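Numbering (the working numbering), first residue to last: 287 to 606. All remarks here apply to the structure that follows.
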Ligand code: NDP
C-alpha cells in the first residue's frame, strides 16, 4: 500500500474505532487491554441502538435483565478503565488508499491511524411521522426481540412486508393477543416460506393497501389512524396499543462505502469468517456487516474478532 505524506505535526494513532455500540466498545476493550490505547469516535448516538431500547433481557450475565442505556454506560466505563479515549465525533469522509489512513470528522479534524475498525452500526428506518417520533419507547418500537415482551395480551400492529416484518409479526404473536400486519401494497416482499408462516398464523391479520397515517396517544400509544393507500381514506383503530416498524435497516456506511466492498443496501462486506476487509488494516464489526443476526451479543463478539485481527495486523507491521 502507498505511504501517505503527513503534515509535520500529524499524530498517528495505532487504532481508531468508529462507533460506540457493543461492537465498537468490545473492540475498544480488547485493543485497550492489548496496550493499543484506542481512540473511539462515538458518533452522534453514543452507545448505539441499545440506548434507545428499554430493558435488555437477552445479554448474557444479567439474570434480571439490564436497561439498555445502563449496559452501554457500564461498557463505556469499563473501556475507559483500560485507557480508551472516547470522542464525541464521527467520520464524514475518509481516505483508505494509503497508510496511515486519513479520517475527516464532523468536528473538522483530520485523524490518522494505522488500523481502522468500522463499527458504525445500522439504524432502523422509521416512517418519519412526528407522532411516531414522540411515542418512540412508549409503544412505538423497531425491535420486536427487545420490546415484544411488554405487549402481553394486547393488540399491536407491525408495519412492513419484508422478511423482517414477517418474522417480527410471527414472533410477536407469542405475546400479543392479535398482530395486525400493515402492508402498503397488495403483496409481501418476504420469502415464500416466511409469507406462508404469516398466512398460517391465526393470530396475525394482514391488511393490504394499508399504511399508518398517525400514531394516536398522549403518553403511550392508544390507537392508530390508518390510511387506505388506494383511496386515501382514513380510519381510527383504538384497540392498537403498540406499533412495530419493520421497514428495513439502513447501515451507517456512507463515509466508508466508496472504499470498502458493500452490498446494494450498503452493508459492508469483509472476508468471510474474519473481520478483515480487502484493505489491509481495515476491519469490520457489528451491524455494519451483519444484516442477519443484529444482536448486541453478536455485535460484541464481532468487536472482539476485529480487535484481535487488528492487533495481529499491527504486530505484523512491526515484524515486517
Ligand atoms: P426489506 O427491504 O426486504 O422490506 C421492507 C418492507 O417494508 C417492504 O415490504 C416495503 O414495502 C416496506 N416498506 C418500506 N418503507 C415503507 C414505508 N415507508 N411504509 C410502509 N412500508 C414500507 O427489509 P427487511 O428488513 O424485511 O429485510 C432486509 C433483508 O434482510 C432482506 O434481504 C431480507 O430477506 C433479510 N432478512 C431475512 C430474514 C430471514 O431470512 N430470516 C429475516 C429478516 C430479514 P414494499 O415491498 O412496498 O417496498
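All C-beta atoms, glycine included, are put in the ideal place defined by N, C-alpha and C. Bear in mind the structure is a predicted one, so any value in this text is a computation, not a measurement.
Checking the 8 angstroms criterion, the Cβ of residue 411 is within range of a heavy atom belonging to the ligand NDP. Beta bridge pairing from DSSP links residue 502 with 509. With contacts defined by Cβ atoms closer than 9 angstroms, residue 402 and residue 559 do not form a contacting pair. Here residue 379 carries a strand assignment [DSSP, helix/strand/coil]. DSSP places residue 331 outside both helix and strand once states are collapsed to three, so it counts as coil. With respect to residue 353, residue 334 sits apart: the two C-beta atoms are not nearer than 9 angstroms. In this model, residue 534 and residue 573 are separated by some 13 angstroms (Cα to Cα).
Residue nearest to residue 299 within the set 325, 563 and 532 is 325 (criterion: CA-CA distance). When the beta-carbon positions are compared, residue 323 and residue 371 come within less than 9 angstroms of each other. DSSP places residue 316 in the helix class (H, G or I) of the three-state scheme.
Residues 433 and 530 of the same chain have their beta carbon placed closer than 6 angstroms to that of residue 427, with the five preceding and five following residues left out of the count.
Between the ligand NDP and the CB of residue 514, the shortest heavy atom gap is not smaller than 8 angstroms. Of all C-beta pairs linking the region 300-317 to the region 394-411, three or more are shorter than 8 angstroms, placing the two stretches in contact. Proximity of the beta carbon of residue 548 to the ligand NDP is not indicated: no heavy atom of the ligand is located closer than 8 angstroms. Taking a C-beta distance under 9 angstroms as the contact criterion, residue 524 and residue 509 qualify as a contact pair. Excluding the 5 residues flanking it on each side, residue 378 has same chain C-beta neighbours closer than 7 angstroms at 390, 391, 392 and 541, in chain order.
Taking a cut-off of 8 angstroms on C-beta distances, the region 434-454 touches the region 463-481, as three or more cross pairs fall below it.
Between residue 445 and residue 451, the alpha-carbon positions lie close to 7 angstroms from each other. A buried status is given to residue 361, since no fewer than 16 other beta-carbon atoms sit within 10 Å of its beta-carbon.
If you draw a straight line from the Cα of residue 556 to the Cα of residue 503, it comes to about 44 angstroms.
Pairing residue 307 with residue 336 gives a Cβ-Cβ distance under 9 angstroms.
The way I'd put it, the region 505-521 doesn't touch the region 340-348; fewer than three beta-carbon pairs between them come closer than 8 angstroms. Residue 388 sits in a strand when the DSSP states are folded into three classes. Exposed is the label assigned to residue 603, since fewer than 16 other Cβ atoms lie within 10 Å of its Cβ.
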